[in-house]
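K.L.:
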Amino acid sequence: MIDWESRPFEIRNLFNPAFCAVVLASALQAYEKRARKPMPYSLSLLVLPLCLHKETRDEMVASPKTSILRIIARRPDLLIDFARRAQGLIHPAMEAFALLAIRNCIEVRESGGLRLLPKKVSLEPLSTDDAEACRATAALLGRQFAQINDRVTIYTTLGIRP
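Residues in the sequence shown are numbered from 23 upward in steps of one, following my numbering.
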């Protein structure tokens with residue numbers, strides 16, 4: 023792990039564990055509300071690379087009733103460098119999960135699902151429109167993942183393996 027102070031300023035701001043935790047928490051909460059079960063850990067690792075990518079986020083926000091699977095079918099260019107982006111965001115996701123766990127905001131189920139504990143993460147609006155858009159997109163993505171309910175289909179569509 024790279025020391026916090028050694029990281030570039032932009033990386034510290036964009037991939038701040040607290041911000042990433044709020045984005046992930048939004049997806050976990052929406053998934054569980056729709057599916058009535060915790061989000062699988064393997065799907066949670068897809069939240070940041072999809073929600074922090076502006077073009078993908080803009081497409082999802084512009085068509086909230088359109089499944090991420092259809093968006094990708096319509097816009098395969100969104101997957102350019104997706105595998106590299108997803109791999110690059112594993113570390114920020116781990117830091118965010120660690121923060122959520124330390125603060126007793128999540129629990130890991132025996133099934134490998136991540137459950138957000140009630141009333142542990144603030145619902146206050148985030149400080150910028152862009153940050154709030156990331157959180158809203160994460161909630162949308164959580165609902166869509168729950169509706170799709172098939173990890174293999176999601177991973178195959180994104181062109182990656184868990």
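Yeah, the Cβ is synthetic: ideal placement off N, Cα and C, and Gly gets one too.
Since the structure is predicted, the reported quantities are computational estimates derived from the model, not experimental observations.
1. Quick check: the region 45-62 against the region 80-93, are there 3 or more CB pairs under 8 Å?
2. Look at CYS156 and LEU101 and say whether their C-beta atoms are less than 9 Å apart.
3. Considering only the beta carbon of each residue, do ILE182 and ALA105 sit closer than 9 Å?
4. Look at the Cβ atom of GLY134, then the Cβ atom of GLU54, and state whether they are nearer than 9 Å.
5. Do the CB positions of VAL83 and THR159 come within less than 9 Å of each other?
6. What span of residues does the beta strand (DSSP E) with ARG96 cover, start to end?
7. Measure from the alpha carbon of PRO39 to the alpha carbon of each residue in ARG125, ARG173, GLU77, then state which is nearest.
8. Identify the residues that DSSP records as bridge partners of ARG137: which are they?
9. With distances taken Cα to Cα, identify the nearest neighbour of ARG173 among LEU148, LYS142, SER66.
10. Measure the beta-carbon distance from VAL44 to VAL143 and round it to whole angstroms, keeping in mind my assumption that it falls under 8 Å.
11. Have a look at THR179 and LEU148 and give me their C-alpha separation to the nearest angstrom.
12. Can you grab the Cα-Cα spacing for the pair ARG29 / ALA120, in whole Å?
13. Are the Cβ atoms of ALA123 and SER48 separated by less than 9 Å?
14. What is the C-beta distance between GLN166 and SER89, in whole angstroms, given that I count them as a contact (C-beta under 8 Å)?
15. Judging by CA-CA distance, which residue of PRO184, TYR177, ILE170 is the nearest neighbour of LYS87?
16. Whole angstroms are fine: how far does the CA of ARG79 sit from the CA of LEU36?
P.N.:
Walking through what the data contain:
1. Look at the beta carbons and you see the region 45-62 not touching the region 80-93: under three pairs across the two are nearer than 8 Å.
2. Your numbering for residue 156 matches position 134 in the sequence shown. Your numbering for residue 101 matches position 79 in the sequence shown. No, the Cβ-Cβ distance between CYS156 and LEU101 is not below 9 Å.
3. Here the question's residue 182 lines up with position 160 in the sequence shown. Here the question's residue 105 lines up with position 83 in the sequence shown. Result yes, Cβ atoms of ILE182 and ALA105 sit closer than 9 Å.
4. In the sequence shown, counting from the first residue as 1, residue 134 sits at position 112. In the sequence shown, counting from the first residue as 1, residue 54 sits at position 32. No.
5. Numbered from its first residue, the sequence shown carries residue 83 at position 61. Numbered from its first residue, the sequence shown carries residue 159 at position 137. Judged by beta-carbon spacing, THR159 lies within the 9 Å limit of VAL83, meaning their Cβ atoms are closer than that value.
6. Taking the sequence shown and counting its residues from 1, one reaches residue 96 at position 74. Where ARG96 is concerned, there is no enclosing beta strand (DSSP E), although the alpha helix (DSSP H) around it starts and stops at 90-96.
7. Here the question's residue 39 lines up with position 17 in the sequence shown. A check of alpha carbon separations from PRO39 across ARG125, ARG173, GLU77 identifies ARG125 as the nearest.
8. Taking the first residue of the sequence shown as position 1, residue 137 is located at position 115. The bridge partners DSSP lists for ARG137 are GLU129.
9. Sequence index remark: in the sequence shown, residue 173 carries index 151 (1-based). Closest by alpha carbon: SER66.
10. Counted from its first residue, the sequence shown places residue 44 at position 22. Counted from its first residue, the sequence shown places residue 143 at position 121. Between VAL143 and VAL44 the Cβ distance is about 6 Å, and since that is below 8 Å, they are a contact.
11. As a position in the sequence shown, residue 179 is number 157, starting the count at 1. As a position in the sequence shown, residue 148 is number 126, starting the count at 1. Going by the C-alpha atoms only, they are around 31 Å apart.
12. As a first step, residue 29 must be located in the sequence shown, where it is residue number 7. As a first step, residue 120 must be located in the sequence shown, where it is residue number 98. So the alpha carbons of these two residues sit roughly 18 Å apart.
13. Locating residue 123 in the sequence shown gives position 101, where the first residue counts as 1. Locating residue 48 in the sequence shown gives position 26, where the first residue counts as 1. Contact check for ALA123 against SER48 fails: the beta carbons are separated by 9 Å or more.
14. Position 144 of the sequence shown, counting from 1, holds the residue named residue 166. Position 67 of the sequence shown, counting from 1, holds the residue named residue 89. Approximately 6 Å separates the beta-carbon atoms of GLN166 and SER89; this is inside 8 Å, confirming the contact.
15. The residue you call residue 87 lines up with position 65 of the sequence shown. Among PRO184, TYR177, ILE170, the Cα nearest to that of LYS87 is on ILE170.
16. Here residue 36 corresponds to residue number 14 of the sequence shown, with the count starting at 1. Here residue 79 corresponds to residue number 57 of the sequence shown, with the count starting at 1. Each residue's Cα considered, the two are about 15 Å apart.
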